[in-house]
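Worksheet for the structure shown next.
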Amino acid sequence: MAENKQYITPETKAKLEEELNALIAHRPVVAAEINERREEGDLKENAGYDAAREMQDQEEARIKQISEILANSTTERAGIEEGVAHVGSVVHVYYNGDKNEKETFLIGTRAAASENPDLETYSEQSPLGVCILGAREGETREYQAPNGTTISVTLVSAEPYNSEKASRLRAEKNNA
């Protein structure tokens with residue numbers, strides 16, 4: 001994977017591209033609304049004009065955000081080792097040496113979390129995410145929880161995320 005590139009799933013990339021295209025296609029509609037409201041007269045007391053400009057600002061900010069995500073991400077998994085926790089991995093861990101306290105989650109971004117509402121997602125920048133990134137199966141690491149507690153976490157397994165796997169994990173979770 002290219003340095004400084006974040007892994008996103010092909011599904012996430014497609015959703016972001018779809019949203020970006022819809023926002024870009026909506027630009028002329030917003031511009032027309034602004035022009036229409038501008039023609040109503042005094043802009044100082046024109047709530048419709050203010051609302052249209054605010055909508056334009058929000059949509060342009062989202063266009064910029066999505067463009068940056070797409071420019072700084074990849075769907076390529078080349079160079080990713082099996083059995084090592086990476087961004088985009090579904091990991092199985094247990095805490096404090098207790099094999100009964102097992103958890104399965106995705107190491108990912110906000111976009112990944114919204115794509116997988118039934119699969120717990122931890123940011124790679126969270127204390128747990130930072131701790132577990134790069135860990136190999138069977139490796140135990142420690143991290144400081146926000147409340148100051150030191151937590152020991154052991155990586156049981158790590159596998160690349162894919163939508164079929166997420167569906168299987170959801171089914172397992174619902175049957176448990």
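According to UniProt numbering, the sequence shown is numbered sequentially starting from 1. Glycine is no exception: its CB is placed at the ideal position from the N, C-alpha and C atoms. This one's a predicted model, so the numbers in the text were calculated from it and none came from an experiment.
So, under 8 Å CB-CB, residue i and residue j are touching, yes? Tell me the CB distance rounded to an integer number of Å.
{"i": "G97", "j": "S157", "result": "So it is not a contact: roughly 17 Å between Cβ atoms."}
{"i": "T109", "j": "S126", "result": "Not quite, the Cβ-Cβ distance comes to about 11 Å (not below 8 Å), so this is no contact."}
{"i": "K102", "j": "H92", "result": "6 Å"}
First and last residue of the alpha helix (DSSP H) that includes residue i?
{"i": "P10", "result": "10-38"}
{"i": "L128", "result": "127-132"}
On the DSSP letters alone, give me the boundaries of the beta strand (DSSP E) that residue i sits inside.
{"i": "E59", "result": "No beta strand (DSSP E) holds E59; the alpha helix (DSSP H) holding it covers 47-71."}
{"i": "T149", "result": "It is not in any beta strand (DSSP E) - T149 carries neither H nor E in the DSSP assignment."}
{"i": "N100", "result": "98-107"}
{"i": "T75", "result": "Where T75 is concerned, there is no enclosing beta strand (DSSP E), given that its DSSP letter is neither H nor E."}
{"i": "S89", "result": "89-95"}
{"i": "L143", "result": "A quick correction: the sequence has Tyr, not Leu, at residue 143. Element bounds for Y143: 140-144."}
Answer with buried or exposed for residue i, where buried requires no fewer than 16 other C-beta atoms within 10 angstroms of its C-beta.
{"i": "S67", "result": "exposed"}
{"i": "L119", "result": "buried"}
{"i": "Y161", "result": "buried"}
{"i": "V90", "result": "buried"}
{"i": "T140", "result": "exposed"}
{"i": "residue 178", "result": "Outside the displayed range of the chain (1 to 176) lies residue 178, so it cannot be described from this structure."}
{"i": "A135", "result": "buried"}
Check this for me: beta carbons of residue i and residue j, under 7 Å apart or not?
{"i": "V87", "j": "I107", "result": "yes"}
{"i": "I24", "j": "A85", "result": "no"}
{"i": "N46", "j": "E40", "result": "yes"}
{"i": "residue 177", "j": "T149", "result": "With the chain represented from 1 up to 176, any question about residue 177 goes unanswered, as that position is not in the structure."}
{"i": "Q58", "j": "V30", "result": "no"}
Relative to the C-alpha of residue i, which candidate in the options has its C-alpha closest?
{"i": "T104", "options": "L155, A14, Q58", "result": "L155"}
{"i": "I34", "options": "E45, L43, A52", "result": "A52"}
{"i": "I8", "options": "R136, D57, I69", "result": "I69"}
{"i": "R62", "options": "E11, E142, L16", "result": "L16"}
{"i": "Q65", "options": "V30, E19, N147, G138", "result": "E19"}
{"i": "K5", "options": "D50, A135, P117, A71", "result": "A71"}
{"i": "T75", "options": "G138, P28, P146, K13", "result": "K13"}
{"i": "E159", "options": "P117, Q144, E81", "result": "E81"}
{"i": "A60", "options": "P28, K44, E36", "result": "Per the sequence shown, residue 60 should be read as Glu rather than Ala. Ranking the options by Cα distance to E60, first place goes to P28."}
{"i": "Y95", "options": "G83, T121, A145", "result": "A145"}
{"i": "G83", "options": "E11, K44, E137", "result": "E137"}
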